[in-house]
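Enquirer:
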Amino acid sequence: MGALLSGWAMLWLLLLSACGPTANQLSPAATVTINPAFQASTSPLPTVPPYRCGAWASNNAPSPTAVITIYARLTKNLQGVSGATATAVVHFSSGDVPLTQQPTSDQGGYVRFTLSLAGRQPRNVPATVDVTFTNIPGGPASLRCSPAFFTPQ
């Protein structure tokens, strides 16, 4: 009995497959040719500027009433630059607030600012802080850093 059922099942599958769609032949894909001369027209790599700086927050997700520290570092050819003056401006959603502190960079090129949020930035709304160095010994007149950021939670 099992062999008979197995035979019927096989016959049923053959009949179903005979009713299926017919296969379509695919056309060949286009051939892509790359001209080797394109490599001769590539642009040169940009040079790394000798003076660079960046800023960051001690806490990227503080409470709205927290006191955080904003750090920045000034370098020349990756070595810290001392003696430069830093200023900072906080960009709250309600407006910009310049910080009154004007620290001078230490031997490693570092400065820090103390920032009391005092509820001035709503929860889940990011804020940024721009830091600019001036009076850079032997360097440019001023240099604006990549900004620090934080989002009160």
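If you use mature numbering (1 follows the signal peptide of the UniProt record, and there is no 0), the sequence shown corresponds to residues -23 to -1, 1 to 130, in order. A virtual CB, placed ideally from N, CA and C, is assigned to each residue, including glycine.
1. Distance check for L76 and A43, CA to CA, integer angstroms please.
2. What span of residues does the beta strand (DSSP E) with S93 cover, start to end?
3. Can you tell which of P5, I113 and A104 has its C-alpha closest to the C-alpha of G96?
4. Over what stretch of residues does the beta strand (DSSP E) that includes I45 continue unbroken?
5. Which residues does DSSP list as the beta-bridge partners of P75?
6. Counting Cβ pairs closer than 8 Å, one from the region 72 to 90 and one from the region 15 to 25, do we hit at least three?
7. Are the CB atoms of R100 and P124 nearer to each other than 8 Å?
8. Secondary structure at S123, three-state DSSP: helix, strand or coil?
9. By the DSSP assignment, the beta strand (DSSP E) with A6 in it spans what residues?
10. Measuring CA to CA, which of D107, H68 and T52 is closest to G115?
Expert: In short:
1. The residue you call residue 43 lines up with position 66 of the sequence shown. The residue you call residue 76 lines up with position 99 of the sequence shown. About 16 Å.
2. Taking the first residue of the sequence shown as position 1, residue 93 is located at position 116. Where S93 is concerned, the enclosing beta strand (DSSP E) stretches over Y87 to S93.
3. Position 119 of the sequence shown, counted from the start, is the residue given in the question as residue 96. Here the closest residue by C-alpha is A104.
4. Within the sequence shown, numbered from 1, the residue matching residue 45 stands at position 68. Where I45 is concerned, the enclosing beta strand (DSSP E) stretches over V44 to K53.
5. The residue labelled residue 75 in the question sits at position 98 within the sequence shown. For P75, which the question treats as bridged, DSSP gives the partners V66.
6. Not touching, per the Cβ criterion.
7. As a working note, residue 100 is residue 123 in the sequence shown. As a working note, residue 124 is residue 147 in the sequence shown. R100 places its beta carbon 8 Å or farther from that of P124.
8. Taking the sequence shown and counting its residues from 1, the one referred to as residue 123 is at position 146. The answer is strand: DSSP assigns S123 an E or B state.
9. Position 29 of the sequence shown, counted from the first residue, corresponds to residue 6. That residue, A6, is in no beta strand (DSSP E); it is neither H nor E in DSSP.
10. Taking the sequence shown and counting its residues from 1, the one referred to as residue 115 is at position 138. Nearest Cα to G115 within the set D107, H68 and T52: T52.
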